[in-house]
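S.K.: Below is the structure I would like to discuss, written out as structure tokens.
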Amino acid sequence: QVQLVESGGGLVQPGGSLRLSCAASGSTLSIVAMAWYRQRPGKERELVAYINTSGNTNYPDSVKGRFTISRDNVKNTAYLQMNSLKPEDTAVYYCKAVAWSGLSADYWGQGTQVTVSS
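Take 12 as the starting number for the sequence shown in our numbering and just add one per residue.
Given below as structure tokens:
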């Protein structure tokens, strides 16, 4: 089992920055990848950033060049640095860990609200 706790959300003006954190605990050695998703009002949950144990990352075009995912394996924490934020980035952001121990399992955090507004 893996437990995830997100933090760092809040209210920011357009053009501003925020850094989200996702602290993992439990069976952290089984984690093979981490990702950030978001769910905007009235929309489905969507992937915004992905990183695997090799450090390979992936972003959708909507955030590429503005968002950066990173991972501190010593602290078992993933980060999402968000720059040049836009009102359309307003959403609940969720952290996901993909674990492998013979079977693949996904674990989710509780989510953190990010609001971009003047």
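Idealized CB from N, CA, C, for every residue including glycine.
With 16 as the cutoff for other CB atoms within 10 Å, does VAL59 come out buried or exposed?
M.R.: For the purposes of this step, residue 59 is identified with residue 48 of the sequence shown, where counting begins at 1. Per the 10 Å Cβ criterion, buried.
S.K.: First and last residue of the beta strand (DSSP E) that includes ASP117?
M.R.: On the sequence shown, residue 117 is found 106 positions in, with the first residue counted as 1. Per DSSP, ASP117 belongs to the beta strand (DSSP E) from 115-119.
S.K.: For ALA44 and VAL16, which I take to be in contact (beta-carbon distance under 8 angstroms), what is that distance rounded to the nearest angstrom?
M.R.: Taking the first residue of the sequence shown as position 1, residue 44 is located at position 33. Taking the first residue of the sequence shown as position 1, residue 16 is located at position 5. Not quite, the Cβ-Cβ distance comes to about 18 angstroms (not below 8 angstroms), so this is no contact.
S.K.: The beta strand (DSSP E) that contains ASP83, what's its start and end?
M.R.: Position 72 of the sequence shown, counting from 1, holds the residue named residue 83. Residues 78-83.
S.K.: Identify whether LEU96 lies in helix, strand or coil by the three-state DSSP scheme.
M.R.: One-based indexing of the sequence shown puts residue 96 at position 85. LEU96 falls in the coil class under three-state DSSP.
S.K.: Using the Cα positions of ARG49 and GLY76, report the straight-line distance between them to the nearest angstrom.
M.R.: Numbered from 1 along the sequence shown, position 38 holds the residue referred to as residue 49. Numbered from 1 along the sequence shown, position 65 holds the residue referred to as residue 76. Whole-angstrom Cα-Cα distance: 17 angstroms.
S.K.: Measuring straight from C-alpha to C-alpha, what distance separates LEU29 and MET93?
M.R.: Residue numbering aside, residue 29 sits at position 18 when the sequence shown is read from its first letter. Residue numbering aside, residue 93 sits at position 82 when the sequence shown is read from its first letter. The straight-line gap from Cα to Cα measures roughly 5 angstroms.
S.K.: What residues in its chain sit with their C-beta under 8 angstroms from that of PRO71, if we drop five residues either side in the sequence?
M.R.: Within the sequence shown, residue 71 is the residue found at index 60, counting from 1. GLU57, LEU58, VAL59.
S.K.: Go through its chain and collect everything with a Cβ distance to PRO52's Cβ below 8 angstroms, but skip five positions before and after it.
M.R.: The count along the sequence shown starts at 1 and reaches residue 52 at position 41. Correct list, in chain order: THR101, ALA102.
S.K.: Select from ARG82, SER128, LYS54, GLY122 the residue whose C-alpha is nearest the C-alpha of THR64.
M.R.: Looking up residue 64 in the sequence shown gives position 53. Of the listed residues, the one whose Cα sits closest to THR64 is ARG82.
S.K.: Can you tell me whether DSSP reads TYR39 as helix, strand or coil?
M.R.: Taking the first residue of the sequence shown as 1, we reach residue 39 at position 28. In the sequence as presented, Tyr is not what sits at residue 39; that position holds Thr. In the structure shown, THR39 sits in a helix (DSSP, three-state: H, G or I).
S.K.: Can you tell me which of the three DSSP states GLU57 falls into?
M.R.: As a working mapping, residue 57 is identified with position 46 in the sequence shown. Three-state result, GLU57: strand.
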